[in-house]
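What follows is a single structure, written as structure tokens, with notes after it.
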Amino acid sequence: MKVLRRMRRGMPLSRAAIAEHVKVATVKKYLGTHLKQDLPGKRWKASKSDRLTDRMNVVTPLGTMAVPIHGSAERSRLGRYSAALRRWREGKPDADAELAAFEGQTVADHPLITDVKLLATLEEAGVLDFDELYASLAGGK
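Every letter in the sequence shown is one number past the one before it in our numbering, and letter 85, counting from 1, is 85.
As structure tokens, then:
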């Protein structure tokens with residue numbers, strides 16, 4: 001999936017594969033349905049979206065949980081929410097409004113927390129301290 005993300009940001013398939021330490025043939029084998037080529041010999045392009053699943057860290061009222069997230073739209077929503085949450089934790093101006101924009105939205109059936117009082121409680125408890133948005137396959141929570 002990281003190869004697709006790099007390609008969507010404009011990186012060619014071969015460079016994206018090298019950056020992720022994967023062979024181009026392996027990328028084509030496992031992600032081939034998410035790649036297209038207009039003409040033979042032309043540049044490969046990543047699909048605009050996908051339904052692939054990846055484990056990501058989601059903030060819940062009980063703490064951070066590693067949850068399977070289905071599809072690029074949900075992964076992007078969680079990424080934007082996490083960025084807004086990080087800005088709120090840093091005390092940036094208008095961060096409360098950024099979080100409020102996620103009111104009523106969910107990711108993998110988990111509501112995105114926008115209540116700053118609850119977030120402040122979770123912050124004090126230290127459950128908002130996680131380094132990576134994507135959960136580790138080997139030691140995921």
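The beta-carbon is built from N, C-alpha and C at its ideal position, and this holds for glycine as well. Here the structure is a predicted model, which is why all the values come from computation and not from measurement.
Here Arg15 has no same chain residue with a Cβ atom under 6 Å from its own Cβ, once five neighbours each way along the sequence are excluded. A Cβ-Cβ contact shorter than 9 Å links Leu99 with Ala84. A check of alpha carbon separations from Glu132 across Arg51, Ser82, Gly126 and Gly63 identifies Ser82 as the nearest.
For Arg77, the enclosing alpha helix (DSSP H) has its first and last residue at Ser72 to Arg89. Classified as exposed, Leu118 has fewer than 16 neighbouring CB atoms from the shown chains inside 10 Å of its CB.
The shortest CA-to-CA distance from Gly32 to any of Glu123, Ala46 and His21 is the one to Ala46. With distances taken between CA atoms, His110 lies nearest to Val58 out of Met11, Val58, Ser49 and Thr53. Membership of Asp54 in the beta strand (DSSP E) is indicated by the continuous run Thr53 to Thr60. Where Ala46 is concerned, the enclosing beta strand (DSSP E) starts and stops at Trp44 to Ala46. For Val67, the CB contacts under 6 Å within the same chain, skipping 5 residues up- and downstream, are Val58 and Ala108 in chain order. With distances taken between CA atoms, Val127 lies nearest to Leu62 out of His21, His34, Leu62 and Gly104.
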